[in-house]
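Undergrad: For the sequence shown, my numbering assigns the number 27 to the initial residue and increments by one for each residue that follows. For every residue, glycine included, the Cβ atom is placed at its ideal position computed from N, Cα and C.
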Amino acid sequence: MELILEVKDLNVSFETYAGEVQAVRGISFQLREGETLAIVGESGSGKSVSVQSILKLIPSPPSKLKSGEIVYKGQDLTRLSDKAMEAIRGKEISMIFQDPMSSLNPTMKVGKQIIEGIRKHEGLSTKEARKRAAEMLRLVGIPDYETNMDRYPHQFSGGMRQRVMIAIALACNSKILLADEPTTALDVTMQAQILQLMNDLKDKLKTAIVLITHDLGVVAQMADRIAVMYAGKIVETGTAEDIFYRPKHPYTWGLLESVPSYEKRSGKRLAAIPGSPPDLFAPPPGCAFAARCKYCMHICKTAEPVLAAVDGAHQAACWLLDPRAPQVAPPVIKSHRKQEGGGEHV
Ligand code: SF4
């Protein structure tokens with residue numbers, strides 16, 4: 027698959043009265059045509075800032091892109107003017123947000139909101155754009171779409187509004203869809219439908235997806251590759267199989283252990299990661315996870331581990347991977363990822 031997006035050593039900070047918050051600290055990742063990359067981590071880990079920086083959606087100030095490159099089709103998006111970025115947003119790279127009600131214009135009929143983007147980027151007549159908009163609403167499963175085009179967002183359910191957002195995002199055949207917690211505001215049934223829809227559209231339109239979520243159940247359903255973020259850095263990355271079946275970082279172990287499952291109904295408390303993430307005004311000198319890690323060694327507090335190869339493209343940033351570290355048996359974790367041909371891996 028062709029490489030379409032490459033983020034290199036991205037650093038993004040926020041200037042505040044209290045000082046500089048180092049929200050994203052040197053992350054790098056690649057995205058290939060038609061694949062889904064899931065970025066997972068707790069709130070405040072920097073995943074949304076990383077992805078919104080791709081489209082320059084965070085106002086500057088207070089945000090500041092300190093360094094790094096975001097290469098799309100050979101051009102570094104960090105160097106593009108606001109005007110040049112307008113041609114990329116919604117046409118080449120689109121975004122869907124967690125809450126469609128605050129992303130859609132409540133005063134504009136949904137059909138018009140889709141038509142607006144099509145007319146701007148594709149130069150079609152109003153009649154042709156309306157036809158395309160109706161086709162997109164049909165594609166995302168809006169019933170009675172010809173009539174529903176002329177309704178307002180408040181006349182739709184939450185799931186239907188999210189479908190409209192997806193229709194707007196993909197109406198101009200975007201190559202990349204950035205999805206920031208797209209199903210968090212939805213009930214479980216609607217969540218399953220929206221994820222299935224995104225998977226179907228990815229196969230049909232060959233769109234690559236960057237999916238931000240803290241829900242490993244969603245990741246299990248969607249991801250080809252996963253990047254685990256903690257305190258503004260990627261601490262482990264690999265294929266979905268690497269992360270679900272052969273995780274190497276204690277933070278990833280903690281995330282996987284804290285997923286509820288039917289087998290955990292024995293009256294035991296659900297596992298949780300103790301403590302809270304470090305202060306990003308002044309990140310610790312060693313491993314950012316050290317204060318919460320039960321495997322923490324002396325070196326973890328003084329020297330920062332870097333991403334090191336585990337196997338193939340699987341990488342993790344942990345001193346336990348050093349050959350001189352004590353051998354630690356990883357916890358037994360039940361994976362929620364379905365194996366090829368159905369069934370679950372235990
Ligand atoms: Fe834990 Fe040390 Fe690994 Fe950090 S580097 S995750 S503190 S073992």
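M191 and L130: beta carbons closer than 8 Å?
TA: yes
Undergrad: Indicate the three-state DSSP secondary structure (helix, strand or coil) for H275 in the structure shown.
TA: If DSSP states are grouped into helix, strand and coil, H275 belongs with coil.
Undergrad: At a cut-off of 7 Å, is A316 close to ligand 1 when judged by its beta-carbon and the heavy atoms of the ligand?
TA: yes
Undergrad: Out of curiosity, what's the CA-to-CA distance linking I65 and V254?
TA: Cα to Cα, the separation comes out at about 6 Å.
Undergrad: For V358, which of L281, Y43, S93 has the nearest alpha-carbon?
TA: L281
Undergrad: If we count the other Cβ atoms within 10 Å of its Cβ and call it buried at 16 or more, is D206 buried or exposed?
TA: Buried, since its Cβ has 16 or more Cβ neighbours within 10 Å.
Undergrad: Ends of the beta strand (DSSP E) at Y98?
TA: 89-98
Undergrad: Taking 8 Å as the cut-off, does the stretch 179-195 touch the stretch 214-224 (at least 3 CB pairs, one atom from each stretch)?
TA: yes
Undergrad: Starting from the N-terminal side, write out each stretch of the beta strand (DSSP E) that is 3 residues or longer and does not extend beyond the stretch 147-226.
TA: Taken in chain order, the whole beta strand (DSSP E) runs of length 3 or more contained in the stretch 147-226 are 202-206.
Undergrad: In or out: S86 buried (at least 16 other Cβ within 10 Å) or exposed?
TA: exposed
Undergrad: Just reading off the beta strand (DSSP E) that S79 is part of, what are its end residues?
TA: Unbroken run through S79 is the alpha helix (DSSP H), 73-80; no beta strand (DSSP E).
Undergrad: Going by the C-beta, is H147 closer than 7 Å to any heavy atom of ligand 1?
TA: no
Undergrad: Starting from the N-terminal side, write out each stretch of the alpha helix (DSSP H) that is 4 residues or longer and does not extend beyond the stretch 276-330.
TA: Entirely contained in the stretch 276-330, the alpha helix (DSSP H) runs reaching 4 residues are, in chain order, 276-283.
Undergrad: Can you tell me whether A246 is helix, strand or coil according to DSSP?
TA: helix
Undergrad: How about W345: is its Cβ closer than 7 Å to a heavy atom in ligand 1?
TA: yes
Undergrad: Would G143 and I194 be called neighbours here (beta carbons separated by less than 8 Å)?
TA: yes
Undergrad: Going by DSSP, name the residue or residues bridged to D102.
TA: D102 is bridged by DSSP to V97.
Undergrad: Within a Cβ cutoff of 6 Å, which residues of the same chain sit near L103, ignoring the five residues on either side of it in sequence?
TA: Contacts found: I96.
Undergrad: In its own chain, which residues sit with a C-beta less than 8 Å from the C-beta of P356, not counting the 5 before and 5 after it?
TA: P273, K274, W279
Undergrad: From what residue to what residue does the alpha helix (DSSP H) around I235 run?
TA: Segment 234-239 is the beta strand (DSSP E) holding I235; no alpha helix (DSSP H) there.
Undergrad: For A110, list the residues DSSP reports as bridge partners.
TA: Answer is none; A110 lacks a bridge partner.
Undergrad: Taking 8 Å as the threshold, find out whether the stretch 154-172 comes into contact with the stretch 108-117 through three or more Cβ pairs.
TA: Per the Cβ contact rule, the stretch 154-172 is not in contact with the stretch 108-117 (fewer than 3 Cβ pairs under 8 Å).
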